[in-house]
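Here is the structure we will look at.
Residue numbers (our numbering): 908 to 1234.
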């Protein structure tokens, strides 16, 4: 007989089978390990929560820092001071308003009523009257300039006058131009600082300045304010519209050529604005040029053409950009 090799237990181990006793020992070991892990985890969470609770109690028990209290007190005092100043300013404005009403109406009875309660000999009441008078004169001067008034000062012992013509655009005063005019023996312009491209001599010849000086000053003011308006518009175009390129302009601001970019097609468009009427700040002709010959004839760009002739150019460009027609 052929001798049989001895039996080994390695087959049971490698096959993953355990002896019943071994299986029970393995299960009990795993069970104890999981119980220990649960206990350790529970203790860890509880200890962490207890530490947080202790930290919270310690923060509550700590006294507030003296530096923080001082800073808060300083802030409160500053706010109270600011409040008192605002209240004083409001009261001052109310008093000035009352005095202005009395001055404008020039009524003695109402003046006595509005000034009742104020000491006539006090320094505050005198200061309030001066402030009210100052605001009144300032408003009168503003109204005088707005309605086309001119500041006239006598010179050379009444033999001449100096006339100031102020320019403004959108409520902002700009440059002031002066003319020295001889009134004896005849009325004539002796000196001025009007720009040379303004046709001052032609305006003087067409006017009746010997009998009415306003026939010269009114057209001159119209020319100067139109020039100031165009100049400001060109300035706003450069400041507000960085994507719009200024290709050409002149000193009189009677010609402006701009380069637009259509966002979708990335097509360049040249826009020419002609200001042939120098008494207006709006163009008299608008022309578009583009490689896409159909674009200037489209209804959208025809609408833009009309819009640019009726709206200041810097405002029209804002609308065109918001509607997505230019970059």
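Glycine included, every Cβ here is placed at the ideal spot set by N, Cα and C. Just so it is clear, the structure is predicted and the values come from calculations on it, not from any experiment.
Might you give, ordered along the chain, the residues of its own chain that have their beta carbon closer than 7 Å to the beta carbon of residue i, omitting 5 neighbours on each side?
i            : result
residue 1218 : none
residue 1057 : 1070, 1071, 1072 and 1124
residue 1090 : 1066, 1067 and 1068
residue 1215 : 1180, 1190, 1193 and 1223
residue 1039 : 1003, 1006, 1007 and 1010
residue 1143 : 1221
residue 1230 : none
residue 1062 : 1068, 1069 and 1087
residue 1116 : 1094, 1122 and 1123
residue 1047 : none
Quick check on residue i: does DSSP put it in helix, strand or coil?
i            : result
residue 1209 : helix
residue 1199 : coil
residue 965  : helix
residue 976  : helix
residue 1104 : coil
residue 1046 : helix
residue 1003 : helix
residue 954  : helix
residue 1217 : helix
residue 1037 : helix
residue 1012 : helix
residue 1097 : strand
residue 982  : helix
residue 988  : helix
What residue does the alpha helix (DSSP H) around residue i start on, and which one ends it?
i            : result
residue 1145 : 1121-1147
residue 1228 : 1220-1229
Can the beta-carbon of residue i be found closer than 9 Å to that of residue j?
i            : j            : result
residue 1096 : residue 1073 : no
residue 1211 : residue 1195 : yes
residue 1141 : residue 1227 : no
residue 1137 : residue 1188 : yes
residue 1178 : residue 1164 : yes
residue 1182 : residue 1213 : no
residue 1234 : residue 1170 : yes
residue 1107 : residue 1127 : yes
residue 1099 : residue 1086 : yes
residue 981  : residue 1076 : no
residue 1225 : residue 1147 : yes
residue 988  : residue 1035 : no
Kindly list the residues whose CB is nearer than 6 Å to the CB of residue i, restricted to its own chain and excluding five residues on each side of it in sequence; keep chain order.
i            : result
residue 1059 : 1068 and 1070
residue 1132 : 1074
residue 1150 : 1234
residue 1152 : 1166
Along the chain, where does the beta strand (DSSP E) that runs through residue i open and close?
i            : result
residue 1154 : 1152-1156
residue 1161 : It is not in any beta strand (DSSP E) - residue 1161 carries neither H nor E in the DSSP assignment.
residue 1233 : From DSSP, residue 1233 is part of no beta strand (DSSP E); its letter is neither H nor E.
residue 1067 : 1067-1076
residue 1089 : 1079-1089
residue 1189 : No beta strand (DSSP E) holds residue 1189; DSSP gives it neither H nor E.
residue 1181 : 1174-1181
residue 1058 : 1058-1062
At least one CB of chain D closer than 9 Å to the CB of residue i: is that the case?
i            : result
residue 1143 : Any reference to chain D falls outside this structure, which holds one protein chain only.
Tell me which residues share the same chain as residue i and place their Cβ nearer than 8 Å to its Cβ, disregarding the 5 neighbours each side in the sequence.
i            : result
residue 1129 : 1186
residue 909  : Bear in mind that the predicted position of residue 909 carries a pLDDT of just 46, short of 50, making it unreliable; the figure below should be weighed with that in mind. Answer for residue 909: no residue qualifies.
- Query: Is the number of C-beta pairs between the region 1198-1210 and the region 1168-1181 that are closer than 8 Å three or more?
  - Reply: yes
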